[in-house]
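Below is one structure; the comments refer to it alone.
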Amino acid sequence: GLWNVPYITQVYLIRGETLRTRLAAVSLYQQEGLDADMSFCKSVREQGIFMFVSNRDEFGRLVSSTNYNISRLYPDMWQIFDNPI
62 GLWNVPYITQ
72 VYLIRGETLR
82 TRLAAVSLYQ
92 QEGLDADMSF
102 CKSVREQGIF
112 MFVSNRDEFG
122 RLVSSTNYNI
132 SRLYPDMWQI
142 FDNPI
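The sequence shown begins at 62 in this note's numbering and counts up one residue at a time.
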């Protein structure tokens, strides 16, 4: 599904053009009395930019990089038990 939500934290996927044009002059992360993530969401909403949560597409996954060895050909396969899907 696809849901329009008022607040997102931790991970954002934002078009670079939007950051350079519509949000360039806005203080996104600093508002008195708000944490940075709450300030970001409030600033974006005030600019008329909607935030969505989607489970339709896979955009990748988080990788535990503690023992990640990039010298190997397929380092993801070596970390399969540390980084389950």
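Just so you know, even glycine gets a beta-carbon here, dropped at the ideal spot from N, CA and C.
Nearest-angstrom Cα distance between residue i and residue j?
i	j	result
Asp137	Asn144	8 Å
Val124	Ile131	12 Å
Thr82	Thr70	22 Å
Gln142	Gln108	The sequence given here has Phe at residue 142, not Gln. If I take the Cα positions, the gap works out to 42 Å.
Arg76	Ile110	11 Å
Going by DSSP in three states, residue i sits in which element: helix, strand or coil?
i	result
Leu95	coil
Val105	helix
Check whether the Cβ atoms of residue i and residue j lie closer than 7 Å to each other.
i	j	result
Phe120	Asn65	no
Phe101	Leu89	yes
On the DSSP bridge assignment, give the partners of residue i in chain order.
i	result
Met112	Val66
Rounded to the nearest angstrom, how far is the Cβ of residue i from that of residue j, given a contact under 8 Å?
i	j	result
Ser115	Leu63	5 Å
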